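Asker:
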Amino acid sequence: MKKKKPFAAVEPYLWLLPSILLMTVFILFPIFEVFRTSMSEVSKAGLIKGFCGLDNFTKVLRGSTFKLVLHNTIVWTVAVVVISTVFGFILALVLNNKFRCRKAVRAIVVFPWATSLIIQAGVWKFIIDKDYGALNTLLMKIGLISSPVNWTPTPQAYFAWEIFVGIFVTVPFVTFCVLSGLQSIDNSYYEAATVDGANYWQKLFKITLPLVKSSLTVSTVLNIIYVFNSFPIIWTITKGDPASRTDTLVTYLYKLAFYKGKSGEAAAVSVIGFLILCLCASIYMVVSLRKEEE
Amino acid sequence: MNNHTRGTKHVILRVLLYLFVILVVLVTLYPYFVMFTTAAKSRAEIYSTDGTLLPIHWLWQNFKDIWTLAPLSRYFINSLIVAGGSTLIAIICGIPAAYALARMKFKGKKIFLGIVIISQMFAPVVLLVGIYKIMSTFGMTDSLVGLVFINAAFNQAFAIWLLRGTFISISPEMEQAATVDGCGKVSALIRILLPVAAPGIVTALIFVFINAWNEYTVALTLISTDVLKPLTVGITIFNGYNMVEWQYLFASSLFATVPVIILFVLIEKHLVGGLTSGGVKG
Amino acid sequence: MKRKLALAMVLAMTASMAQPVLAADSKTTLDVIISQYGTQTQAWWSQFEKDFEAENPDVDLNIEIVSWNDLYTKVNTLVANNNAPDILNIDVLADYVADDLLMPATEYASEDLQSKFFPAFWDASTIDDTVYALPILASCRALFYNKDILDEAGASVPTTWAEIQETAQKIKDKFGDDVYPWGIDMTTDEGQAAFSYYTWNNGGGFVDENGDWALNSEKNVEALNFAVGLVNDGYTNSDPANETRYDLQDMFGASKVAMMIGPNNIPTYLSDGGYDINYDVTTIPANEGCESVAMGVCDRLEVFKDDSAEDQDARTAAITKFFDFFYDDERYADYMVYEGFLPTTQTAADLLAKDDDTFASWIDILQSCNFYPATKTEWADVKQGVIEVEQNALLGDDVQTLLDDLQADIAG
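Order-wise, the sequence lines are chains A, B and C. Under the UniProt record's numbering, the first residue of the first sequence is numbered 1, with each subsequent residue one higher. Under the UniProt record's numbering, the first residue of the second sequence is numbered 1, with each subsequent residue one higher. Under the UniProt record's numbering, the first residue of the third sequence is numbered 1, with each subsequent residue one higher.
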């Protein structure tokens, strides 16, 4: 028994080892590189010339564009995550009912998730175009409008469309998560509640919500991170134009790095984004892990 | 009377339900309808001022042409290798980690879970330089193996969190009984726990597969040999300097969506319960 | 029997393993990145690779075609890892020279080849009296207009800015919302081109006569105000900050845009797309009292230094062969026709002009073109800077203030 003890102490780490190796080598090392770059002077061609402390950060924070871009990023993340979570939840509730072709409908709902984001964004850009867009053609053929509508007259309108596309591709993921959760809830809970005279809403809030809540929080946290860092939708539709009005941190730093040759500042922007996400995630971790221990 | 109103209410609810479902299906399929009809149009018709819903002349040829304009079948195979391989590795590495996190007590558990989340916090675009550096150290810059590992690593977070939740939701008693019977931890895991945890594993599987199938940025930077390109990167050939060949881009994208849908339909029935158990304790 | 088989297998295995090693000893490998000009770029270069390797068995070419959307991402990552390709086809230059990454062209371009280039193109990549790149191809911008639309509106082809407004108004009166009289593109893709079209044709530009940045000159402010004015007066496409030149070209083909400034390969673009319109081409209109200035665009082939190469002489010799092979008159002319661009060598131009009059006239225009000041170190900042100025101006900001800020930022 005594012999076994040292092994028992290291055993968990052995189980973790493959995963740790995989992530350390392929992700943590590149992340370390980002930190290094953010504190280095980098030539326009991309070569690191030396340590420069926090110069890149002060340069980024001084510009007025950064505030605008940060504001956009928060609006983008909150809007996409909140709306797609709520809508995805409702959709899952609906799809959990029995109706004809349910299986087909469920498969169709996954479509937007199965197509790459670049293509999804490309199609929507094509759909909403004023001059040759499919939406105007459709509405004109149906007779709802008589002349083409400019769906994107302002940068704000563009941004709203981008948020719509973001929601469109995120909903399947949420629906998928909630749906598989709903299906595993034992029917006896509902039967008991019906006997007790509970109405639909009471059942929803007392039984359904608590039971899918935790699966929803995991998917929501990951969603926040993915949406915050999402690149293809905005890049394909507007490239952050005009003049950064539709930029988020990721498209902004992409332009800094690859269009302006400022890799150091780009890395600084991504570190700032990381810190913001860290703050949000640690709040979540503290709350959810504490609950789990209770 | 009461019964009557309830019946009417029921009918109205049913109608609303169907209307809602139909609306969702229409909106979801609309972009695919646009992709499909655009793929069969000539460029002149795509941009015509007198827009058409359906092509005047169906150019079915476009769907055929893409297979000769680019080594599309080669790209398909590459994507399958990358998505399949990284799914396999992500699950194989994720299962033991999730098991340890669910069943064992040890120092640094929370830190590890935190690091797993942190690994997701940088957009791949930002990590390119570092990824390339590590890949050239291993001589994997222009190889599918490199892509397999990267995608597996990027999807570790979801796999671990999901599987950990699944395992926690399953009572450890059965494994304990098996261990007492002289069965090692590893074989108890494989024989007892994994079959019960199948829905969670299937969910993780489809998630990783879809993400790896659609990954673009890293593949673009790492792969330089044409015959090694996955589908997402390969079809950028239709996105030239002179023009975007919408018809070809959409036609090939439609083909690219098919494998994922097939996979989903095939394993959908195993999904039941996968994600809830991911969070809810049993 | 079994033993023989085993022996044969071992032999086969060693042979297959040894082969690449042997080959590596005698072969020079060149990594080449070519940017994608059309859907068929890959096909042309695959054939090139085959032909070249057949003729030069001692050189192993790895040619990769990268789309312009991804070119900078890819190259930046490679350069940051000290792993630049041997030969790169791109438009930018100064940043690499600043880091001393490029070989001077005279070190690898044979004298024979050097003498082939039009002097202006050979000089176009000169920084501090050293030539750092070879011009791969050129294109030339002019005004394209839809004859039928102009005729129907009773409008004449504009040669001055005032006439642009006049013609645009006539088209607007006749066609209302159905036709955009004037196409304009101020996107992140190519907004610097719009800056050039208007400032150069108003006697302004990126730099002053000494070659110093002069972004906020009076002429430039006037030019941008004119361009933005066209948008505000409703003479242009509805979304200049997001509609790229390719969108405009397609809308031009679809008779939705009546006039636009575009490159010489628009005819190829239109016929490839199956468009059927009656159009013609003329010089870019200039402001009253200014001379019309055509715009030329020139992409480059650059050779990166590679200190890790074992045999520098063999590498340089292989590169020389590559260029001699590529710029071979017949082959190079074929590539120009294939992609719809203009040649940068006199000899290929002569060859093409012989069969095709339009080519001859374009090559004439090319001689008088202005080019971007891409050899200046700040070019990347200026390029993005003027695009931002344009887009902010479209949103209603004051052009003078915007350009003053940019000038202070760049020349500061």
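For every residue, glycine included, the Cβ atom is placed at its ideal position computed from N, Cα and C. It should be emphasised that the depicted structure is a prediction, and the values quoted were computed from it without experimental measurement.
Between Glu49/C, Thr236/C and Ala43/C, which has its C-alpha nearest residue 284/B's C-alpha?
Answerer: With chain B represented from 1 up to 282, any question about residue 284/B goes unanswered, as that position is not in the structure.
Asker: So with Cβ pairs under 9 Å, would you call serine 238/C a contact of chain A?
Answerer: Position 238 of the third sequence holds residue 238/C. So yes, serine 238/C belongs to the interface.
Asker: Return the residue from the list Gly385/C, Glu222/C and Gly396/C that minimises the CA-CA distance to glutamine 407/C.
Answerer: Walking along the third sequence from the start, residue 407/C turns up at place 407. Answer by Cα proximity: Gly385/C.
Asker: Do you know how far the Cα of leucine 211/A is from the Cα of residue 285/B?
Answerer: No answer is possible for residue 285/B: the residues shown for chain B start at 1 and end at 282.
Asker: Which residues of the region 352-368 of chain C have a Cβ closer than 9 Å to any Cβ of chain A? Give them in chain order.
Answerer: Answer in chain order: no residues at all.
Asker: Between glycine 146/B and serine 26/C, what straight-line distance do the alpha-carbon atoms span, to the nearest angstrom?
Answerer: Counted from its first residue, the second sequence places residue 146/B at position 146. Counted from its first residue, the third sequence places residue 26/C at position 26. Rounded to the nearest angstrom, the two C-alpha atoms are 29 Å apart.
Asker: Closest by CA to tryptophan 76/A, which one among Gly133/A, Leu14/A, Leu256/A and Trp161/A?
Answerer: Position 76 of the first sequence, counting from 1, holds the residue named residue 76/A. That would be Trp161/A, whose Cα lies nearest to the Cα of tryptophan 76/A.
Asker: Where do the ends of the alpha helix (DSSP H) carrying alanine 162/C lie?
Answerer: Against the third sequence, residue 162/C aligns to sequence position 162. That run of the alpha helix (DSSP H) goes 161-175.
Asker: Grouping DSSP H, G and I as helix and E and B as strand, with all else coil, what is lysine 49/A?
Answerer: As a working note, residue 49/A is residue 49 in the first sequence. In this structure, lysine 49/A counts as strand in the three-state DSSP scheme.
Asker: Which residues in the same chain have their Cβ closer than 8 Å to the Cβ of asparagine 287/C, if we skip the five residues on either side of it in sequence?
Answerer: For this step, residue 287/C is matched to residue 287 along the third sequence. So the list reads Thr160, Trp161, Asn201, Asn202, Gly203, Glu222, Ala223 and Phe226, once near-sequence residues are dropped.
Asker: Helix, strand or coil: which one does DSSP assign to valine 10/A?
Answerer: Within the first sequence, numbered from 1, the residue matching residue 10/A stands at position 10. DSSP places valine 10/A in helix when its eight states are reduced to three.
Asker: In the DSSP assignment, find the beta strand (DSSP E) that holds phenylalanine 144/C and state where it starts and stops.
Answerer: Locating residue 144/C in the third sequence gives position 144, where the first residue counts as 1. Unbroken beta strand (DSSP E) run through phenylalanine 144/C: 133-146.
Asker: Keeping to the same chain, check which residues put their C-beta closer than 8 Å to that of threonine 244/C; ignore five residues upstream and five downstream.
Answerer: Within the third sequence, residue 244/C is the residue found at index 244, counting from 1. Closer than 8 Å at Cβ, skipping near neighbours: Asp185, Thr187, Asp189 and Glu190.
Asker: In three-state DSSP terms, what is leucine 5/C?
Answerer: By one-based count along the third sequence, residue 5/C stands at place 5. Reliability of the predicted coordinates at leucine 5/C is poor, the pLDDT of 47 falling under 50, and the value obtained from them is presented with this limitation in mind. Helix at leucine 5/C.
Asker: Which chain C residues sit within Cβ distance under 9 Å of glycine 133/A?
Answerer: Within the first sequence, the letter at position 133 stands for residue 133/A. Within 9 Å Cβ-Cβ: nothing; glycine 133/A doesn't reach chain C, min ~11 Å.
Asker: Buried or exposed for aspartate 131/A, please, with buried defined as at least 16 other CB atoms from any protein chain shown within 10 angstroms of its CB.
Answerer: Here the question's residue 131/A lines up with position 131 in the first sequence. The residue is buried, with at least 16 neighbouring Cβ atoms inside 10 Å.
Asker: Write down the C-beta distance between leucine 30/C and glutamate 49/C rounded to the nearest angstrom, noting that I regard them as a contact closer than 8 Å.
Answerer: On the third sequence, residue 30/C is found 30 positions in, with the first residue counted as 1. On the third sequence, residue 49/C is found 49 positions in, with the first residue counted as 1. With a Cβ gap of about 10 Å, leucine 30/C and glutamate 49/C do not count as contacting.
Asker: Count the other C-beta atoms from every protein chain shown that fall within 10 angstroms of the C-beta of proline 12/A, then say buried if there are 16 or more, exposed otherwise.
Answerer: What you label residue 12/A is simply residue 12 of the first sequence in a count that begins at 1. Counting Cβ neighbours within 10 Å, proline 12/A comes out buried, since at least 16 surround it.
Asker: Let me check understanding here. Comparing Cα to Cα, which of Val399/C, Gln249/C and Lys256/C lies closest to proline 267/C?
Answerer: Counting from one through the third sequence, the residue named residue 267/C turns up at place 267. The residue with the shortest Cα to Cα distance from proline 267/C is Gln249/C.
Asker: Kindly say whether tryptophan 60/B, judged by its beta-carbon, lies nearer than 9 Å to any beta-carbon of chain C.
Answerer: The count along the second sequence starts at 1 and reaches residue 60/B at position 60. No, its Cβ sits nowhere closer than 9 Å to a Cβ of chain C.
Asker: In the DSSP assignment, what are the bridge partners of methionine 140/B?
Answerer: For the purposes of this step, residue 140/B is identified with residue 140 of the second sequence, where counting begins at 1. DSSP, once it has assigned bridges, lists no residue as partnering methionine 140/B.
Asker: Output yes or no for whether 9 Å exceeds the beta carbon distance between alanine 204/B and phenylalanine 26/A.
Answerer: As a working note, residue 204/B is residue 204 in the second sequence. As a working note, residue 26/A is residue 26 in the first sequence. Cβ atoms of alanine 204/B and phenylalanine 26/A: not closer than 9 Å.
Asker: Return yes when the Cβ of serine 86/B is within less than 9 Å of the Cβ of valine 260/B, no when it is not.
Answerer: Counted from its first residue, the second sequence places residue 260/B at position 260. Counted from its first residue, the second sequence places residue 86/B at position 86. Not in contact: valine 260/B and serine 86/B (Cβ atoms no closer than 9 Å).
Asker: Nearest by alpha-carbon distance to glutamine 400/C: which of Asn220/C, Cys369/C and Asn89/C is it?
Answerer: By 1-based counting over the third sequence, the position of residue 400/C is 400. Residue Asn220/C is the option with its Cα nearest to glutamine 400/C.
Asker: Could you check whether the Cβ of proline 6/A sits closer than 9 Å to any Cβ belonging to chain B?
Answerer: The count along the first sequence starts at 1 and reaches residue 6/A at position 6. No, its Cβ sits nowhere closer than 9 Å to a Cβ of chain B.
Asker: Hey, could you find the ends of the beta strand (DSSP E) cysteine 298/C is sitting in?
Answerer: Against the third sequence, residue 298/C aligns to sequence position 298. Looking at the DSSP string, the run of the beta strand (DSSP E) that includes cysteine 298/C is 295-303.
Asker: Reducing DSSP to helix, strand and coil, say where serine 252/B ends up.
Answerer: Along the second sequence, read from residue 1 onward, the residue named residue 252/B stands at position 252. It is helical.
Asker: Round the Cβ separation of serine 67/C and threonine 236/B to the nearest angstrom and send it over; I've been treating them as touching at under 8 Å.
Answerer: Your numbering for residue 67/C matches position 67 in the third sequence. Your numbering for residue 236/B matches position 236 in the second sequence. Right, the Cβ-Cβ distance comes to about 5 Å (below 8 Å), so this counts as a contact.
Asker: 9 Å is my cut-off, CB to CB: does glycine 85/B come that close to chain A?
Answerer: Residue mapping note: residue 85/B aligns to position 85 of the second sequence, counting from 1. Output row for glycine 85/B: interface = no.
Asker: Just to confirm, is the Cβ distance from leucine 88/C to valine 32/C under 9 Å?
Answerer: Working through the third sequence from its first residue, we reach residue 88/C at position 88. Working through the third sequence from its first residue, we reach residue 32/C at position 32. For leucine 88/C and valine 32/C, yes; Cβs fall inside 9 Å.
Asker: Give the DSSP-derived three-state secondary structure of alanine 286/C in the structure shown.
Answerer: Position 286 of the third sequence, counting from 1, holds the residue named residue 286/C. Strand at alanine 286/C.
Asker: Alanine 83/B to leucine 144/B, Cα distance in whole Å?
Answerer: If you number the second sequence from 1, residue 83/B lands on position 83. If you number the second sequence from 1, residue 144/B lands on position 144. One C-alpha to the other measures close to 10 Å.
Asker: Just confirm the distance between the C-beta atoms of leucine 102/C and glutamate 302/C, as a whole number of angstroms; I'd bet it's less than 8 Å.
Answerer: Against the third sequence, residue 102/C aligns to sequence position 102. Against the third sequence, residue 302/C aligns to sequence position 302. That pair is a contact at about 5 Å.
Asker: Please identify, using Cβ separations under 8 Å, the residues of the region 51-84 of chain A that lie next to chain B, in order along the chain.
Answerer: Answer in chain order: no residues at all.
Asker: For isoleucine 90/C, which of helix, strand or coil comes out of DSSP?
Answerer: Taking the third sequence and counting its residues from 1, the one referred to as residue 90/C is at position 90. Here isoleucine 90/C sits in strand by DSSP.
Asker: Spatial neighbours of isoleucine 34/C within its chain, please: CB distance less than 8 Å, with the 5 preceding and 5 following residues excluded, ordered by chain position.
Answerer: Counting from one through the third sequence, the residue named residue 34/C turns up at place 34. Result list for isoleucine 34/C: Thr41, Trp45, Ile63, Glu64, Ile65, Val66 and Asn89, in chain order.
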